[in-house]
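Residue numbers (our numbering): 159 to 560.
We put the CB at the ideal spot given by N, CA and C, even for glycine.
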């Protein structure tokens with residue numbers, strides 16, 4: 159996805175066309191995410207949505223590999239949206255189910271490190287392909303990778319752990335009250351979802367608007383070639399690969415509000431530097447300087463936010479909660495590329511765009527005051543948990559899951 163704006167910009171797609179394709183992909187993904195989450199809460203094994211993901215992604219890659227018009231591009235993006243919708247709730251829920259007695263925060267830190275490594279390798283391959291003038295090679299590589307995933311998950315299915323019915327009964331036997339209606343379990347999750355919409359909006363803009371901003375140039379910052387633009391993106395992802403495990407492991411021992419606060423601050427700083435870069439002829443140096451806080455912020459956000467969803471949601475609703483969390487990515491991918499593309503087409507630079515999103519990060523900081531751990535995941539039992547650094551227990555039962 160990081161390469162898609164560069165690929166279709168090279169065949170004269172406008173920023174609106176590129177952004178609308180990404181938005182439509184995200185829109186269909188919103189529906190499929192909810193369906194996937196609901197099926198997971200009803201007992202479907204996590205491996206099956208992943209199998210569907212691989213087949214849909216391979217079909218999308220074959221279409222995008224040959225797409226020369228907007229209709230083919232749109233069809234490929236629709237299939238990718240369906241694939242992402244099936245994938246994310248299942249893979250996120252599989253992490254705590256597969257952790258056994260290990261804290262789920264460490265599991266998410268490790269999984270996010272693997273995500274970052276995969277994205278970084280893919281982007282480096284895309285950069286090499288851009289240098290050789292054959293950027294669409296990334297779709298062929300992705301199709302091969304999806305085939306490998308299909309074989310692996312067929313040979314080694316994901317660990318699904320105990321059923322949600324057993325988890326719920328364990329909670330009730332231990333005296334922890336499970337919410338009977340829908341709103342009580344959803345309301346504590348809202349701060350996480352609000353912060354996630356803001357942050358994932360920036361992640362979506364990094365994929366769609368930032369490459370176009372770099373190749374178009376700023377008010378005074380010179381335009382970069384497609385290969386140089388993809389090299390900067392690859393550098394940022396390389397930084398993410400380097401930072402993801404140490405940052406994620408460090409934050410796994412701390413309150414989720416602390417990690418999310420660091421993430422918002424880092425994104426705000428990075429967006430401010432990118433905005434300022436538009437005002438200087440040597441602004442590319444400021445873009446380079448922005449890569450470190452942006453990579454740190456992303457490394458802090460991805461495992462911490464997912465762990466926050468686990469802490470704020472009772473076990474019997476975690477499939478749907480993961481779907482709602484994944485919807486934040488989808489909502490941002492609908493709104494951010496369209497708004498970002500429109501602002502880029504209107505102003506022909508990203509100054510206002512990056513100032514707006516940097517300010518949104520600061521505005522989201524007060525929502526952190528409403529976060530507190532309520533639940534945890536401890537082997538086959540779902541118990542109430544508290545963070546290592548929280549002085550008081552949150553409920554009648556506490557565990558060492560953080």
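C-beta contact flag for residue i and residue j at 8 Å
i: residue 347; j: residue 467; result: yes
i: residue 183; j: residue 491; result: yes
i: residue 509; j: residue 436; result: yes
i: residue 242; j: residue 187; result: yes
i: residue 221; j: residue 213; result: no
i: residue 367; j: residue 180; result: no
i: residue 464; j: residue 266; result: yes
i: residue 469; j: residue 414; result: yes
i: residue 208; j: residue 311; result: yes
i: residue 524; j: residue 263; result: no
i: residue 191; j: residue 488; result: yes
i: residue 300; j: residue 215; result: yes
i: residue 296; j: residue 283; result: yes
i: residue 185; j: residue 239; result: yes
i: residue 293; j: residue 165; result: yes
Secondary structure of residue i, DSSP reduced to three states
i: residue 527; result: helix
i: residue 291; result: coil
i: residue 257; result: coil
i: residue 420; result: helix
i: residue 323; result: Because residue 323 sits at a pLDDT of 39, beneath the cut-off of 50, its placement in the model cannot be relied upon, and the following sentence gives the value as read from the coordinates. Helix.
i: residue 158; result: Past the boundaries of the shown model lies residue 158; the chain is included only from 159 to 560, so the question cannot be answered.
i: residue 170; result: coil
i: residue 471; result: coil
i: residue 228; result: helix
i: residue 250; result: helix
i: residue 204; result: coil
i: residue 382; result: coil
i: residue 175; result: helix
i: residue 372; result: helix
i: residue 640; result: Any question about residue 640 goes unanswered here, given that the chain covers just 159 to 560.
i: residue 344; result: helix
i: residue 314; result: coil
i: residue 438; result: coil
i: residue 393; result: helix
i: residue 533; result: coil
i: residue 508; result: coil
i: residue 162; result: helix
i: residue 377; result: coil
Separation of residue j from residue i, as counted between CA atoms
i: residue 446; j: residue 390; result: 8 Å
i: residue 163; j: residue 175; result: 10 Å
i: residue 315; j: residue 429; result: 40 Å
i: residue 168; j: residue 387; result: 13 Å
i: residue 495; j: residue 355; result: 13 Å
i: residue 480; j: residue 173; result: 31 Å
i: residue 248; j: residue 426; result: 31 Å
i: residue 196; j: residue 432; result: 40 Å
i: residue 331; j: residue 474; result: Low local confidence applies: a pLDDT of 40 at residue 331 is under 50, so the model's placement there is unreliable, with the coordinate-based value given in what follows. Distance between the alpha carbons of residue 331 and residue 474: 15 Å.
i: residue 127; j: residue 443; result: Any property of residue 127 remains undetermined from this structure, which presents the chain solely from 159 to 560.
i: residue 298; j: residue 342; result: 46 Å
i: residue 518; j: residue 528; result: 18 Å
i: residue 307; j: residue 204; result: 14 Å
i: residue 555; j: residue 530; result: With a pLDDT of 27 at residue 555, under the threshold of 50, the predicted position of this residue should be treated as unreliable, though the coordinate-derived value follows. Roughly 15 Å separates the two Cα atoms.
i: residue 304; j: residue 439; result: 42 Å
i: residue 227; j: residue 178; result: 14 Å
i: residue 411; j: residue 476; result: 22 Å
i: residue 256; j: residue 189; result: 26 Å
i: residue 501; j: residue 363; result: 12 Å
i: residue 522; j: residue 313; result: 43 Å
i: residue 224; j: residue 291; result: 15 Å
i: residue 353; j: residue 365; result: 19 Å
i: residue 285; j: residue 483; result: 31 Å
i: residue 485; j: residue 360; result: 15 Å
Cβ of residue i within 8 Å of any chain C Cβ
i: residue 381; result: Any reference to chain C falls outside this structure, which holds one protein chain only.
Given residue i as reference, the closest of the options once Cα atoms are compared
i: residue 452; options: 214, 413, 398, 238; result: 398
i: residue 146; options: 351, 171, 209; result: Absent from the structure is residue 146, since the part of the chain shown begins at 159 and ends at 560.
i: residue 434; options: 464, 513, 482, 278; result: 513
i: residue 351; options: 505, 515, 227, 471; result: 471
i: residue 219; options: 206, 309, 235, 365; result: 235
i: residue 237; options: 505, 261, 211; result: 211
i: residue 287; options: 410, 477, 384; result: 384
i: residue 532; options: 344, 303, 504, 276; result: 344
i: residue 507; options: 441, 292, 304, 303; result: 441
i: residue 400; options: 502, 279, 410; result: 279
i: residue 358; options: 410, 177, 493, 503; result: 493
i: residue 289; options: 260, 349, 362, 392; result: 392
i: residue 450; options: 402, 166, 484; result: 402
Inter-stretch contact (C-beta, 8 Å, three-pair minimum) for the segment 265 to 279 and the segment 399 to 412: yes
Segment contact flag, the segment 244 to 259 with the segment 363 to 376, C-beta cutoff 8 Å, min 3 pairs: no
The segment 447 to 460 touching the segment 413 to 422, judged by at least three CB pairs closer than 8 Å: Yes: at least three Cβ pairs fall under 8 Å.
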